[in-house]
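Residue numbers (the numbering used here): 313 to 452. Built from N, CA and C at the ideal position, the CB exists for glycine as well. All figures in this text were calculated on a predicted structure; none of them were measured in a lab.
Laid out in C-alpha coordinates, this is it:
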(Lines of atoms letter the chains of each structure in order from A and count residues from 1; the text may use other names and numbers.)
(Lines give C-alpha, C1' and ligand atoms only; values in the text may rest on other atoms or scores of the structure.)
Protein backbone atom coordinates (compact mmCIF):
# COMPACT_ATOMS: atom_id res chain seq x y z
CA UNK A 1 0.00 0.00 0.00
CA UNK A 2 2.82 2.41 0.84
CA UNK A 3 4.50 1.87 -2.53
CA UNK A 4 1.22 2.50 -4.37
CA UNK A 5 0.74 5.68 -2.33
CA UNK A 6 4.27 6.89 -3.13
CA UNK A 7 3.99 5.92 -6.80
CA UNK A 8 0.71 7.77 -7.21
CA UNK A 9 1.65 11.01 -5.48
CA UNK A 10 5.44 11.35 -5.42
CA UNK A 11 6.60 10.55 -8.93
CA UNK A 12 7.28 13.25 -11.51
CA UNK A 13 4.15 12.43 -13.54
CA UNK A 14 2.04 11.24 -10.59
CA UNK A 15 -1.74 11.32 -10.92
CA UNK A 16 -2.17 13.83 -8.11
CA UNK A 17 0.23 16.21 -9.82
CA UNK A 18 -1.54 15.72 -13.15
CA UNK A 19 -4.93 16.62 -11.67
CA UNK A 20 -3.45 19.59 -9.78
CA UNK A 21 -1.97 20.88 -13.04
CA UNK A 22 -5.28 20.40 -14.86
CA UNK A 23 -7.12 22.41 -12.20
CA UNK A 24 -4.41 25.09 -12.05
CA UNK A 25 -4.91 25.76 -15.76
CA UNK A 26 -8.28 27.23 -14.70
CA UNK A 27 -6.74 29.05 -11.70
CA UNK A 28 -8.31 26.57 -9.27
CA UNK A 29 -6.36 25.05 -6.39
CA UNK A 30 -6.75 21.31 -5.82
CA UNK A 31 -6.04 20.07 -2.29
CA UNK A 32 -5.91 16.47 -1.03
CA UNK A 33 -5.76 15.70 2.68
CA UNK A 34 -3.33 12.97 3.73
CA UNK A 35 -6.19 10.87 5.11
CA UNK A 36 -8.05 11.12 1.79
CA UNK A 37 -4.97 9.97 -0.12
CA UNK A 38 -4.61 6.95 2.16
CA UNK A 39 -8.27 5.98 1.67
CA UNK A 40 -7.96 6.37 -2.11
CA UNK A 41 -4.94 4.03 -2.12
CA UNK A 42 -6.84 1.52 0.07
CA UNK A 43 -9.82 1.64 -2.32
CA UNK A 44 -7.59 0.89 -5.29
CA UNK A 45 -5.91 -1.96 -3.42
CA UNK A 46 -9.23 -3.44 -2.25
CA UNK A 47 -10.47 -3.54 -5.85
CA UNK A 48 -7.18 -5.11 -7.01
CA UNK A 49 -6.81 -2.32 -9.54
CA UNK A 50 -3.57 -0.84 -8.25
CA UNK A 51 -2.29 2.31 -9.90
CA UNK A 52 -4.60 1.99 -12.92
CA UNK A 53 -7.67 2.11 -10.72
CA UNK A 54 -6.52 5.28 -9.00
CA UNK A 55 -7.35 7.40 -12.06
CA UNK A 56 -10.92 6.09 -12.14
CA UNK A 57 -11.36 6.65 -8.41
CA UNK A 58 -10.01 10.21 -8.68
CA UNK A 59 -12.15 10.98 -11.72
CA UNK A 60 -15.27 9.82 -9.87
CA UNK A 61 -14.45 12.00 -6.88
CA UNK A 62 -13.60 15.05 -9.02
CA UNK A 63 -16.15 14.64 -11.84
CA UNK A 64 -18.67 17.29 -10.79
CA UNK A 65 -15.92 19.78 -10.05
CA UNK A 66 -14.28 19.14 -13.44
CA UNK A 67 -17.57 19.91 -15.20
CA UNK A 68 -18.37 22.96 -13.10
CA UNK A 69 -14.97 24.69 -13.28
CA UNK A 70 -15.15 25.75 -16.96
CA UNK A 71 -18.55 27.40 -16.29
CA UNK A 72 -17.33 29.28 -13.22
CA UNK A 73 -18.03 32.98 -13.11
CA UNK A 74 -16.10 35.71 -11.34
CA UNK A 75 -16.26 37.14 -7.83
CA UNK A 76 -18.31 35.06 -5.39
CA UNK A 77 -19.32 32.62 -8.16
CA UNK A 78 -15.66 31.93 -9.02
CA UNK A 79 -14.31 28.56 -7.92
CA UNK A 80 -11.24 29.20 -5.78
CA UNK A 81 -10.40 25.61 -4.84
CA UNK A 82 -11.51 22.00 -4.78
CA UNK A 83 -10.84 19.96 -1.63
CA UNK A 84 -10.67 16.18 -1.46
CA UNK A 85 -10.95 15.06 2.15
CA UNK A 86 -12.17 11.90 3.91
CA UNK A 87 -15.83 12.87 3.39
CA UNK A 88 -15.25 13.34 -0.33
CA UNK A 89 -13.62 9.91 -0.68
CA UNK A 90 -15.79 7.88 1.70
CA UNK A 91 -14.80 4.54 3.19
CA UNK A 92 -13.03 1.71 1.39
CA UNK A 93 -16.36 -0.01 0.72
CA UNK A 94 -18.57 3.11 0.40
CA UNK A 95 -18.54 6.09 -1.95
CA UNK A 96 -17.99 9.55 -0.56
CA UNK A 97 -19.90 12.75 -1.23
CA UNK A 98 -17.47 13.96 -3.90
CA UNK A 99 -14.99 16.79 -3.87
CA UNK A 100 -15.88 19.99 -2.05
CA UNK A 101 -16.02 23.06 -4.26
CA UNK A 102 -15.01 26.31 -2.57
CA UNK A 103 -16.48 29.47 -4.09
CA UNK A 104 -15.28 33.05 -3.91
CA UNK A 105 -11.91 34.75 -3.69
CA UNK A 106 -9.90 33.55 -0.69
CA UNK A 107 -12.27 30.63 0.01
CA UNK A 108 -9.41 28.14 0.23
CA UNK A 109 -7.53 30.20 2.81
CA UNK A 110 -10.73 30.54 4.88
CA UNK A 111 -11.28 26.80 4.63
CA UNK A 112 -7.73 26.07 5.83
CA UNK A 113 -8.06 28.51 8.74
CA UNK A 114 -11.36 26.88 9.77
CA UNK A 115 -9.71 23.46 9.66
CA UNK A 116 -6.90 24.72 11.90
CA UNK A 117 -9.39 26.16 14.37
CA UNK A 118 -11.36 22.92 14.39
CA UNK A 119 -8.15 21.01 15.08
CA UNK A 120 -8.42 19.21 11.75
CA UNK A 121 -11.16 17.09 13.30
CA UNK A 122 -14.25 17.67 11.19
CA UNK A 123 -13.00 19.53 8.12
CA UNK A 124 -16.23 19.81 6.16
CA UNK A 125 -18.27 20.82 9.24
CA UNK A 126 -16.89 24.36 9.01
CA UNK A 127 -19.15 27.44 9.05
CA UNK A 128 -19.10 28.99 5.51
CA UNK A 129 -21.72 26.63 4.07
CA UNK A 130 -22.63 29.27 1.47
CA UNK A 131 -19.21 28.98 -0.11
CA UNK A 132 -18.89 25.22 0.26
CA UNK A 133 -20.70 22.85 -2.07
CA UNK A 134 -20.40 19.08 -1.99
CA UNK A 135 -20.62 17.37 -5.32
CA UNK A 136 -21.76 13.77 -5.64
CA UNK A 137 -19.28 11.02 -6.43
CA UNK A 138 -20.60 8.72 -9.10
CA UNK A 139 -20.50 4.95 -9.19
CA UNK A 140 -17.58 4.12 -6.93
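It is roughly 12 Å from the alpha-carbon of residue 378 to the alpha-carbon of residue 333. In this structure, the CA atom of residue 326 is about 16 Å from the CA atom of residue 361. Here residue 423 is not near residue 391, since their CB atoms are 9 Å or more apart. Across the set 344, 339 and 348, the C-alpha of 344 shows the shortest separation from the C-alpha of residue 329. Remark: C-beta atoms of residue 408 and residue 417 do not approach each other more closely than 9 Å. Residue 399: member of the alpha helix (DSSP H) spanning 398 to 401, first to last residue.
Residue state for residue 383 is assigned as helix, using DSSP reduced to three classes.
Separation of residue 366 and residue 388 (C-alpha to C-alpha, rounded to the nearest whole angstrom) is 32 Å. Within a 10 Å sphere around the beta-carbon of residue 355 sit 16 or more other beta-carbons, which makes this residue buried. For residue 428, the uninterrupted alpha helix (DSSP H) run begins and ends at 419 to 429, by DSSP. In the DSSP assignment, the residues bridged to residue 344 are 396.
The straight-line gap separating the alpha-carbon atoms of residue 381 and residue 369 is approximately 19 Å.
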